[in-house]
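**Student:** Protein chains in written order, with my numbering: chain C, 6 to 513; chain S, -5 to 372. Idealized CB from N, CA, C, for every residue including glycine. Please read these numbers as outputs of a predicted model, since none were measured by experiment. Below is a structure I'd like to ask you about.
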Amino acid sequence: MTAEPVVELDGITKRFPGVVANHDVDLTVLRGEVHAIVGENGAGKSTLMKTLYGMHRPDEGTIRVDGSPVDFHSPNDAIAAGIGMVHQHFMLADNLTVLENIVLGAEPRAGGRLDYATARERIRELSQRYGLGLHPNRLVAELSVADRQRVEIAKVLFRGARVIILDEPTAVLVPQEVDALFTNLAGLRGEGLAVVFISHKLDEVLKVADTITVIRRGTTVATVEPSATTPRQLAELMVGSELPTPETRESTVTDVVQLRVDGLTVTSDEGFELLSDVSFSVRRGEIVGFAGVEGNGQSELVEAIMGLRKPSAGRVVLGGEDMTEWTAQRRRRAGIGFVPEDRHRQALLLEAPLWENRMLGHQDQAPLGGRFWINPAAARTDTQRVMDEYDVRAPGPETLAGALSGGNQQKLVIGREMSAELAMLVAAHPTRGVDVGAQAGIWDRIRDARAAGLATVLISADLEELLGLSDTLYVILRGRLVAKLDPAEVTPETLGSYMTGAALEESA
Amino acid sequence: MTRVVAWARGFAPTVVALGVALLVTALFILIIGENPLAALRALFDFGESPTAQANSLGVWINRAAPLFLSGLAVSVGFRMGLFNIGVEGQYRIATVIAAGVGAAIVAPAPLHVLVIILVAMLAGAAYAAIPAVLKVTRGVSEVISTIMLNSIAIGIAAYLIRRPFADPDLGEGENTTTRDLPESGRIPGINDLFGLLGLEEPRRPVYGFVFIAILVGIVMAVVLSRTRFGFELRTSGLNPSAATANGVSASSMTIKAMVLSGALAGLVGLPELLGESFRFSGESFVAGYGFTGIAVALLGRNRPLGIAGAALLFSFLDRAGPRLQSEGIPPAAVVIMQGIIVLCVVIVDEIGRRRLLRAEERRARVEDPQTVTEEVAS
């Protein structure tokens, strides 16, 4: 390929206090190519793109655009240099028209007023050249998701972008829309623009990309051409060739089934199946892990078990009692512990003191709560105990939860959930954001509880965690359980190919 | 000790806000060409004679009691992020029904009063249950529905005093009204107390209901801070999805909060009804407490003690209206001042809240130098 590089990243390192999000990242994007960046969730793709888009500055390394080094202080600098970004979550004003959304913040003016004629003309031209099919006067509220995405792309093009970053653009689209998007991308490429395409869906990447760069654990590990690689090889690059070996230990799995999920199906409001016919059971003393690339139905599974989402079919049975129709309240009272994936949203009261957070979920049971009264004094005392036992570093029970670091918040949540007499535990990413030392501590707690007979559903993106804790491992892909594996025998190749769907395509 | 410091810290922003409000109002009075110092004097002028002073004090108390109850009612909704704009309509309905039922029944004194209070609370609760049910079952915004129910309440009250509750002894051309409450259904004034304290007795009755209001305030303080209901209410307000995930049902909390708010709203019209007017008529009924209650709840930061302070402050300013007028300052100055106070409190509160969080973060960092506070999505 003779095309010249338009963006070059050289030795980019970005540290956040306590973690290195990116290190030694090298990336060269050529003019007129679709460059895919693949990697698991948490591999550092987003951090890298934020660096490129000027949302934060790298600690080391250089960014060159058209061969000359640049120093972005804000996205405005990046836009001025011709780099635009389409976020996964659209940033459009529903009650404005397509035209108004596109020009917002970059309005062509005529005598102090918005020059509609010029704007309309330019948008029409853009739409025609790149085949976007935009109707400038329609309200964004009336548009489909795919149309909105095209508006976002047009918005970026309108500002003169020559490099367009698309952050997981297909996550929100149905298959036909994905094909249409790929046609648009081909159009952009044909006009000499560069597209940086972030994804973790290997089949799509292989279909659309000219070049693929794989990121693992914060650094670029390989740059390959799709024609010279197979899904299997790509999967292995993504997951890594070495999997942690689970420590050998005695099985504590009993014969008593504590949770049985039977034919569970969850349908979205739009009618898509987010979970399809999922069946499994968890016995007392067993940890059942679910591996999968994020967004394949894990959240829906957790919410269906916790009663936060109504399944369209199937049953959930806890210790012999059908709890499909139970409210979330009743399930919690029946002793299901819950570590949600998003602690800020579902687990914590950030503006309340730690002791109120300790009480949350236990306000209706002794010793902290009851039918009518709560016992703040007991909650304060017990918060201190949780802080000591789980190494939650904070001044005291009166500290606001929002003042704690993510790791300390997580330790508080784990400590709170493990403090009650549990019938079972649903843990999603239990050590996310926690430092290595505390992580081992949390794992020990979960293992101890397992040894004491606790049945646990474990969702995680951390393979070390999944393999190290699970007795049984399922792989979830597009809402289905596609494999049941023995964590002791699984290889990175099989796990990676199941997680990305490569194994299915080969057998099909 | 730390609690006292924390309390003082929590109170400081309000004092700052009051100071700023006073300055802005002074500026306004300067602009209209009057003397701010004269206005300030008028504000604190309780009158020349001991009787006038006692009267002034009585007016202050009489106005503070309903404002306090209204503020409490609004605050229950605010605590979980519900905007009960309908306190106005709820207390109108509750007052007219309490007046009608109270006049129709016969009972010994304390029981009669108790029944009237219960009827008022029930009526207010029932009227507030309408928007609650609409919200839970149909997703109707309680802001919209309560505002509309306020208008409907006026119509219902007008109908009730004309038909079922109308005083049959009214002559032609007289204003429609309910019948007077019998002696057993009234709460005597506390004018004697003034005498005991060595003051002159005010000429108009000072409502004995003020003690019931204080009692209700204490009960609410306990309910909010010590009961599961209060905790779940706060939880639902702070983070609805965390509340749901932790076994607090959002819809049942919405119903409970609105019903309690409505029950408290039902009390707002009672100090006047049981203490002075003894009947409901279009003339004697004092409207507007429900709306002012929103400002009072905001100013009192949804805490009973704060609301008491806010109610006293608002009624103190209201009381000064006529005196300001005699100084040549339009009584609207009072309303402006009240508005500015609320605005200032809201702004200063937000600044204070952020500073508090920063301070907490700093303290947390001392414990754990590695701590990185996560960005909270705003």
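Please check if any C-beta of chain C sits within less than 7 Å of the C-beta of S/G269.
**Tutor:** no
**Student:** Quick one, are the C-beta atoms of C/V287 and C/A460 less than 7 Å apart?
**Tutor:** In this structure, C/V287 sits near C/A460, with a CB-CB distance shorter than 7 Å.
**Student:** Against chain S, does C/A457 count as a neighbour if the rule is that its beta carbon must be under 7 Å from one of theirs?
**Tutor:** By this cut-off, C/A457 is not an interface position.
**Student:** Is S/M74 helix, strand or coil when you go by DSSP?
**Tutor:** coil
**Student:** Could you tell me which of S/L112, S/W54, S/I155 and S/L51 sits nearest to S/E277, measuring between CA atoms?
**Tutor:** S/I155
**Student:** Which residues mark the beginning and the end of the beta strand (DSSP E) in which C/M429 is found?
**Tutor:** For C/M429, the enclosing beta strand (DSSP E) stretches over residues M429 to A433.
**Student:** Quick one, which residues of the region 220 to 235 of chain S are near chain C if we go by CB-CB under 9 Å, in chain order?
**Tutor:** R220, T221, R222, F223, G224, F225, E226, R228, T229, L232, N233 and S235
**Student:** What is the rounded straight-line gap between the Cα of C/E494 and the Cα of C/T505?
**Tutor:** The alpha-carbon of C/E494 is positioned some 19 Å away from that of C/T505.
**Student:** Alpha carbon to alpha carbon, what distance is there between C/G501 and C/V30?
**Tutor:** 23 Å
**Student:** For a quick check, are the C-beta atoms of C/V391 and C/G412 less than 7 Å apart?
**Tutor:** no
**Student:** Going by beta carbon distance, what residues of the same chain come within less than 8 Å of C/E394, once the five residues before and after it are set aside?
**Tutor:** G420
**Student:** For C/D215, decide whether its Cβ has a neighbour in chain S, counting only Cβ atoms nearer than 7 Å.
**Tutor:** no
**Student:** Against C/E426, what residues of chain S qualify as contacts under a CB-to-CB distance less than 8 Å, listed in chain order?
**Tutor:** None at all; the shortest Cβ gap to chain S is about 15 Å.
**Student:** In terms of DSSP beta bridges, what is C/L490 paired with?
**Tutor:** C/L478
**Student:** Hey, is S/S372's beta-carbon within less than 7 Å of any beta-carbon in chain C?
**Tutor:** Caution is warranted here: a pLDDT of 32 is assigned to S/S372, below 50, making its placement in the model unreliable, and the coordinate value is therefore given only provisionally. No - not a single Cβ of chain C is within 7 Å of the one on S/S372.
**Student:** Could you check where the beta strand (DSSP E) with C/A41 kicks off and where it finishes?
**Tutor:** V39 to V43
**Student:** S/A160 bridges to which residues according to DSSP?
**Tutor:** S/T172
**Student:** Residue ranges of each alpha helix (DSSP H) run of no fewer than 4 residues wholly in the region 21 to 89 of chain S, ordered along the chain?
**Tutor:** Fully enclosed alpha helix (DSSP H) runs of 4 or longer: 30 to 37 and 44 to 73.
**Student:** Would you mind reading off the limits of the alpha helix (DSSP H) that contains C/D152?
**Tutor:** Where C/D152 is concerned, the enclosing alpha helix (DSSP H) stretches over V150 to F163.
**Student:** Would you check if there are 3 or more beta carbon pairs closer than 8 Å linking the region 99 to 115 of chain S to the region 230 to 245 of chain S?
**Tutor:** No, the region 99 to 115 of chain S is not in contact with the region 230 to 245 of chain S.
**Student:** Check whether the Cβ atoms of C/R155 and C/L137 lie closer than 7 Å to each other.
**Tutor:** yes
**Student:** Let me confirm a value: S/I26 is counted as buried when at least 16 other C-beta atoms fall within 10 Å, else exposed. Which label applies?
**Tutor:** Result: exposed.
**Student:** Between which two residues does the beta strand (DSSP E) holding C/R20 run?
**Tutor:** P10 to F21
**Student:** Which class does C/G72 belong to by DSSP, given the choice of helix, strand or coil?
**Tutor:** coil
**Student:** Would you kindly work out how many angstroms separate the C-alpha atoms of S/R57 and S/S309, rounded to a whole number?
**Tutor:** Taking the straight line joining both Cα atoms gives about 6 Å.
**Student:** Given this structure, state the Cα-to-Cα distance separating C/R118 from S/R347, to the nearest angstrom.
**Tutor:** 40 Å
**Student:** So C/P343 is in the beta strand (DSSP E); what residue range does that whole segment cover?
**Tutor:** The sequence as given places Phe at residue 343 of chain C; Pro does not occur at that position. Element bounds for C/F343: I341 to V344.
**Student:** Closest Cβ-Cβ distance between S/S135 and chain C: below 7 Å?
**Tutor:** no
**Student:** Starting from C/M364, follow its DSSP beta bridges and name the residues at the other end.
**Tutor:** The bridge partners DSSP lists for C/M364 come to none.
**Student:** Comparing C-alpha positions only, which one of S/V210, S/P7, S/C338 and S/P125 sits nearest to S/F77?
**Tutor:** S/P125
**Student:** Quick check on C/S204: buried or exposed, where buried means 16 or more other Cβ atoms within 10 Å of its Cβ?
**Tutor:** buried
**Student:** Since S/A358 meets chain C, which of its residues come closer than 7 Å, beta carbon to beta carbon?
**Tutor:** A399, P400, T404, A408 and L409, listed in chain order.
**Student:** Under the DSSP definition of a beta bridge, which residues are partnered with C/N27?
**Tutor:** C/K19
**Student:** From which residue to which residue does the beta strand (DSSP E) around C/T272 run?
**Tutor:** V262 to T272
**Student:** With a cut-off of 8 Å, do at least 3 Cβ pairs link the region 263 to 276 of chain S to the region 197 to 204 of chain S?
**Tutor:** yes
**Student:** Between S/G189 and S/P199, is the Cβ-Cβ spacing less than 7 Å?
**Tutor:** no
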